[in-house]
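Read in order, the letters of the sequence shown are residues 14 to 261 in the numbering used here.
Structure record follows, encoded as structure tokens.
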Amino acid sequence: MEYINFWNGNKSEYRQQYEYELLLAILDVTTVNHGPFKVKRDDTDYPDAKDEGAILDNGCDVLVTVKGNQKFKGKRFIELPYSATKTLLGQRILFVRAEDSGSFTTEDTLRQCSIGIPATWVDAELFRQNNFNVVEEGLFEDVFDRLLNNEFDFTCFGANEAIDIYNNMVKEKDKIVMAPNIKIEYPFPLVFYVNADKPELAQRLSYGFKALIESGRFDDLYQRYFGEIEQELALEQRQSVTLANPFL
Numbered sequence: 014m015e016y017i018n019f020w021n022g023n024k025s026e027y028r029q030q031y032e033y034e035l036l037l038a039i040l041d042v043t044t045v046n047h048g049p050f051k052v053k054r055d056d057t058d059y060p061d062a063k064d065e066g067a068i069l070d071n072g073c074d075v076l077v078t079v080k081g082n083q084k085f086k087g088k089r090f091i092e093l094p095y096s097a098t099k100t101l102l103g104q105r106i107l108f109v110r111a112e113d114s115g116s117f118t119t120e121d122t123l124r125q126c127s128i129g130i131p132a133t134w135v136d137a138e139l140f141r142q143n144n145f146n147v148v149e150e151g152l153f154e155d156v157f158d159r160l161l162n163n164e165f166d167f168t169c170f171g172a173n174e175a176i177d178i179y180n181n182m183v184k185e186k187d188k189i190v191m192a193p194n195i196k197i198e199y200p201f202p203l204v205f206y207v208n209a210d211k212p213e214l215a216q217r218l219s220y221g222f223k224a225l226i227e228s229g230r231f232d233d234l235y236q237r238y239f240g241e242i243e244q245e246l247a248l249e250q251r252q253s254v255t256l257a258n259p260f261l
């Protein structure tokens, strides 16, 4: 029996559920060659960037994070070469005050506004590098209160979790909406980081992820979680404001 410590904090519940199920599916297809497994899931949140960056030094075997996450800069890990949500996380849906929803129509109008991002999130420096006015403060849990307090003009989240965040985190839905017809887009793959002291686990996961893709089971899982989301958000019909990701 292989015991695997999976850190799954600092993200929305929808992401937690999907990434946990993806990990189990990857491991499941490897049981014939690698034997049975048991995953211990840790959903603890670490608001402090140093604490998150040290997670692999404190008993974590594997986690999912954005590729190039600066919190892990200089840390030892093995990165798997597959994106857990394809390009979906990099398609960012804007959350704005309802009274301002008609103002977000072009790249020029976006650049005249300020974006609010919770403290320590990797997105903050990415937007700065793309010459946006960034207000980096507070927590994920209070970002919508701060939006209503006019501390910034908009915030944004990946299309993979935007609807779940809106349904579960936005309390005053008459005052905050998802901006229609526009999205911000940049390369932002979600990848597995494996503890550098666990090369055999990295091999197992890489083999399993590849097998999952080739069998079609990865697409099945992706469509089950995100197929309706892509349609509901009408991603293909939205005007795209494309940014660079300086960390890739």
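The beta carbon of each residue, even a glycine, is placed where N, CA and C say it ideally should be.
Residue A172 holds the alpha-carbon nearest to the alpha-carbon of E245 among A172, V109 and Y27. With contacts defined as CB atoms closer than 8 Å, P94 and L152 fail to qualify as a contacting pair.
Distances from the CA of G240 to each of F167, E32, T44 and L101 were compared; the closest alpha carbon is that of L101. In terms of Cβ geometry, G87 and D55 do not form a close pair [threshold 8 Å]. Residue pairing by DSSP leaves I68 without any beta bridge partner.
Distance check between I178 and each of M191, D187 and D166 places M191 closest, using alpha-carbon atoms only. Per the C-alpha coordinates, the member of S253, I242, L214 and S228 positioned closest to K51 is L214.
The residue from A111, W20, Q30 and R124 with its alpha-carbon nearest to that of K53 is W20. For T78, the enclosing beta strand (DSSP E) starts and ends at V75 to V79. Within the same chain, and ignoring the five residues on either side of L225 in sequence, the residues whose Cβ sits closer than 7 Å to its Cβ are A38, I39, V42 and F231.
Assignment of M182 by DSSP, reduced to helix, strand and coil, places it in the helix class. Boundaries of the beta strand (DSSP E) harbouring Y16: E15 to W20, taken from the DSSP string. In the DSSP assignment, D56 falls outside any alpha helix (DSSP H) and carries neither an H nor an E. Distance between S114 and K196, taken at the CA atoms: about 13 Å. At the C-beta level, L107 and F167 come within 8 Å of one another. According to the DSSP assignment, N46 belongs to the alpha helix (DSSP H) that extends over T44 to H47. The way I'd put it, the segment 248–256 does touch the segment 194–208; three or more beta-carbon pairs between them come closer than 8 Å.
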